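Chains as they are written, first to last, in our numbering: chain P, 97 to 403; chain A, 8 to 945. For reference, the structure is listed below as structure tokens.
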């Protein structure tokens, strides 16, 4: 039987919400469909839908826009491929390009969107991990009419469980501050060649060095998955904040990570022990990389397409 | 919004189709552009790639209306056309030229993905290509030829010279033999014109689905189909009670119900309980949900060792031997003496997992009833490796004579052993007969994963004894093979695992026992390597362990014990000829040692190591089974020749090989030879396309038929020229004697004028073989191979990457060198998957690997640099000296990689696929053995 009946292509957020409302919960937003189409076909509990509401022609969801305050507004329906090609994001939100560049293959990145990725609430979504390190906010258009900027973690209720009601609400855009001089980011992840193509562990870091580039003024670290929802590694951040750039500080950060982050085992993905060790491996890769980028002001995304 | 506007390949379409369709569906079934293939419907395999407004996307999950108003380009639009002339795209040309097309099913996806890359990047590096094609899978080629073809096409587009074809070196090429001729329909396979089963459609055709078991082991108490039958648009709902003949099928043992009956049992999750034919796939799927079945679940036999224990329930009641499908024994020499005389004994236990063929074309069968159009009998269209055995099994179940059934083979989108058993053939025969209409049964990828027989999971304990001087003295082994719910080819597969468990070595004493067991797991059957892939994993690692214990170089150790002419195998076969193993070892060793060679070293965070492994594999059925292939060769008055046999071309290129044999003997241009395969009404029985046998068997049948035909023509022309027939030479499309010649076509006309037939059938019987246990020749030929792998292990993640493979393969003669190379490269990558990425996970009889997303096969990004040497030790009775090539490349890659891992980091892998998690733990804890695999991670 058909997985959905009607297909709508609204041009505005309001139109999209109205169309959703018209179906009283029996419609879903679709952007790239790379997750949704698979879920609809192969997940038993998913009911056939009355309609799909395609948001990939809603202009305000498609822009990558540098705002006056040096923040970036990124439409939720921007594809991974578009993010990867953005020179602005590569230079000033490098981790986002690095994470979006390893999602799926080219065909998936060409249609799959960062918004879809976040709305599906996977705790280890690569783009999500980077958005966490960028301290991003998300603009949600609630079915009730309210448009609201929320911190990213507020969208997550649990693994695969979003705060959004997919039959009512719409994720419209993200917003985060672009890296200024002395600031930089990096993302790396660990995969295995077997089974489902989700990361064993991903790690994104944002660092802000002092004017002399000798100390960490501020740091944000997200390692995922270590909890049912994406979380910042606050103890690791604390171990770095205000500390001098160097080996001992890195060791302290690694020690803090081992002390405070305890990822779980997951079947056919990784043992808890392996994940624990990968936190260290990833921190030892990403932190020096971001620091170097912050020092030099040069940031070239690494590993794009090599996921 | 009800009208869908699409501009496809420059042609604007306004379609009135349901808004629920995917783009792939609309292209294939509404517009008839069947060049776009559907491999998974999960956005995993990428073969459905088309361009939407210039961007490559997976059309299988792309809602058609999402493309409303867009420009769509498919493989049919890749070639340029002017004035009715087709000019192939440089990629299409290059794929043909470089041998980057085998079965052709994934080819449209590879081409479209590559075309998008070249539009963006005129000089892509190898890395650029790997990034672009990362998720566009090919199961046949192993990607090496694909990489080269894309780079060559890019050069052509830039106006640079194209890349030379990487033709392997061969000895003594002939006119047609040992020439890299192209398969006759190769252009169809790059343009989307090639038709596979699902690309056929018939007026009034219905669509079928199968209801599968809900439990891996349960008694069927009740089946109620009334609600399904009542659904409008449903034409038939059939159960076991509706099977007209015997409700059973099977290739070696008849143990597999066509449909599981009330009162009988389901024995695995893929068992069929009911079948439906309806007006559409959607309706058939909806009707499936309306069938009610009550079961009484039974204890699941989920493991072959448990299956052999007295407390295990019986999978097949009333069967002599219980769950023991077969106990296979090899006895050679005196095993106790062998170990008594050994100075070093190494004993270890190895495990290999169930693996999945993942041919990119899911199974499809179309049944057309007798009397429909020009179908005078019940006709089944199917891509099958064994059309005549399909016919036999269909006839038995349908209570028809074999002559009342026609199996018409169509192009096969990959097989690898996985299209030997019955899939939907009998079901569509039943549904077509009952409804009086053509019925198509297309399995989804997920159904294919659930249903079809897989590679046996094995548990192999092996004990190897050697003298201090490196003489191999004794091998004792015990193997358990998980045969799953039905016998399929378990008996034969596990026999091959057993007889090859000494490795290709001279060993005086051997005792090998194998227990092939019934379980409630998916059935296991034929899969490229046929059991030898499993035993080689154990044998070749034990060889390295022994060499290390002796302090001998592993290459020298293998050379010392390698099979050669004069050696008697553990089954009592004296090897009299065509044993090229030593030359394969020497070729690989020489390449490895070129430059500064070390077995292992470290660089930064990486450890590198080389590993080596040898293999042998029989050609043909062997074991006393009469091995026969029939072929017809017919010459026509226009000078053309047709070759006919039921043997299957599943991408390996048999079409070309057979035409080359005929062209060689008749001296006609290759292009004048047509080949018709796989039609039980039109082609004689070539036997199963299995056991690496068709080049040898059907090749010989064609060669000998062509010789007979030539003899007939010789007699006629000799009379005309007044010369002895043996003086005549057939070449260049002429029959000539000194200065006199006659076109081949005229010779044929002359024969016809004399009332002589130029249609020759040859029944070729392979050399006689002996059953296991009786000594003598168990097989009529063996192919040999050595492979070396260079791997890198990341010291902080445990990730393993294969950097290089060097391979040398003794195939007797390369009848078509580029095709042989394609078999070798493809076989190596398939085996690399066996080692590093693949495991079909079943939990208590219930598959976890239900999606292609959960079963990763190697993609282009895994492709190492492959160097492949051909070794040609002719076998006397093979056509032009040729023996099998299909399986030998897929046997020793896994142990070569694992030996390399050991040489890199000092940790040995005893269970596949390699788990980076466990490998890193061993590295960190200083352990030297890993006995768990990916599927053990919890």
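Ideal placement from N, C-alpha and C gives every residue a C-beta, glycine not left out. Computed from a predicted structure; not experimentally measured.
What does a CB cutoff of less than 6 Å around residue i pick up in its chain, not counting 5 residues either side in sequence?
i, result
"residue 283 (chain P)", "191, 194, 195, 226, 300"
"residue 204 (chain P)", "130"
"residue 900 (chain A)", "794, 835, 838, 839"
"residue 263 (chain A)", "256, 257, 493"
"residue 169 (chain A)", "159, 162, 163"
What residues in its chain sit with their C-beta under 7 Å from that of residue i, if we drop five residues either side in the sequence?
i, result
"residue 347 (chain P)", "none"
"residue 487 (chain A)", "311, 312, 465, 466, 522, 524"
"residue 581 (chain A)", "575"
"residue 640 (chain A)", "648, 650, 669, 709, 712, 713, 716, 767"
List the residues of chain A that residue i touches, going by C-beta distances under 7 Å, in chain order.
i, result
"residue 402 (chain P)", "138"
"residue 360 (chain P)", "The contacting residues do not exist; residue 360 (chain P) stays about 11 Å from chain A at best."
Suppose the cutoff is 8 Å on Cβ atoms and the five residues either side in sequence are ignored; what does the same chain contact list for residue i look like?
i, result
"residue 844 (chain A)", "863, 864, 865, 869, 920"
"residue 397 (chain P)", "180, 186, 190, 193, 194, 197"
"residue 735 (chain A)", "721, 724, 725, 728, 742, 743, 744"
"residue 635 (chain A)", "692, 694, 704, 770, 771, 772, 773"
Using the beta-carbon of each residue, which ones in chain P are nearer than 9 Å to residue i?
i, result
"residue 49 (chain A)", "133, 134, 137, 138"
"residue 928 (chain A)", "367, 369, 370, 373"
"residue 453 (chain A)", "137, 138"
For residue i, return the contacting residues in chain A, with the cut-off set at a CB-CB distance below 8 Å.
i, result
"residue 129 (chain P)", "68, 69, 70, 73"
"residue 301 (chain P)", "Under the 8 Å cutoff, chain A gives no residues; its nearest Cβ is about 17 Å from residue 301 (chain P)."
I need the DSSP call for residue i, collapsed to helix, strand or coil.
i, result
"residue 664 (chain A)", "helix"
"residue 854 (chain A)", "strand"
"residue 941 (chain A)", "helix"
"residue 730 (chain A)", "coil"
"residue 497 (chain A)", "helix"
"residue 405 (chain A)", "helix"
"residue 118 (chain P)", "helix"
"residue 386 (chain P)", "helix"
"residue 90 (chain A)", "coil"
"residue 392 (chain P)", "helix"
"residue 150 (chain A)", "coil"
"residue 157 (chain P)", "helix"
"residue 429 (chain A)", "coil"
"residue 488 (chain A)", "strand"
"residue 311 (chain A)", "helix"
List the residues of chain P that residue i touches, going by C-beta distances under 8 Å, in chain order.
i, result
"residue 142 (chain A)", "200, 201, 202, 203, 204"
"residue 941 (chain A)", "288, 290, 291, 364"
Based on the DSSP secondary-structure assignment, which residues constitute the bridge partners of residue i?
i, result
"residue 737 (chain A)", "A:742"
"residue 233 (chain P)", "P:247, P:271"
"residue 317 (chain P)", "P:301"
"residue 149 (chain P)", "P:104, P:125"
"residue 78 (chain A)", "A:14"
Following a CB-centred definition, is residue i positioned closer than 7 Å to any heavy atom of the ligand MN?
i, result
"residue 173 (chain A)", "Although the ligand MN was asked about, the structure shown includes no ligands whatsoever."
In chain P, which residues lie with their C-beta within 7 Å of the C-beta of residue i?
i, result
"residue 923 (chain A)", "288"
"residue 27 (chain A)", "98, 99, 100, 101"
Cβ closer than 9 Å: which chain A residues qualify as neighbours of residue i?
i, result
"residue 222 (chain P)", "Near residue 222 (chain P) there are no residues of chain A at all, since even the closest Cβ is about 15 Å away, more than 9 Å."
"residue 180 (chain P)", "Neighbours of residue 180 (chain P) on chain A: none; closest Cβ ~11 Å, over 9 Å."
So which residues of chain B does residue i contact, with C-beta pairs closer than 7 Å?
i, result
"residue 323 (chain A)", "No chain B is present in this structure, whose protein chains are P and A."
Taking a Cβ distance cut-off of 8 Å, strictly less, list which residues of the region 340-369 of chain A are near chain P, in chain order. none
Contact set between the region 738-766 of chain A and chain P, restricted to residues whose Cβ is under 8 Å from the partner: none
Listed from N- to C-terminal order along the chain, which residues in the region 98-128 of chain P have their beta-carbon within a distance smaller than 8 Å of any beta-carbon of chain A? 98, 99, 100, 101, 102, 103, 104, 105, 126
Selection of the region 829-861 of chain A by Cβ proximity to chain P, strictly under 8 Å: 843, 844, 845, 846, 848, 855, 857, 858, 860, 861
When Cβ atoms are compared, which residues of the region 270-298 of chain P fall closer than 9 Å to chain A? Contact annotation: in the region 270-298 of chain P, residues whose CB is within less than 9 Å of a CB in chain A are 286, 287, 288, 289, 290, 291, 292, 293, 296.
Could you run through the region 146-159 of chain P and flag, in chain order, every residue whose CB is less than 8 Å away from some CB of chain A? 148, 150, 152
Chain A contacts made by the region 318-350 of chain P, where a contact means CB separation under 8 Å: Residues passing the 8 Å Cβ filter: none.
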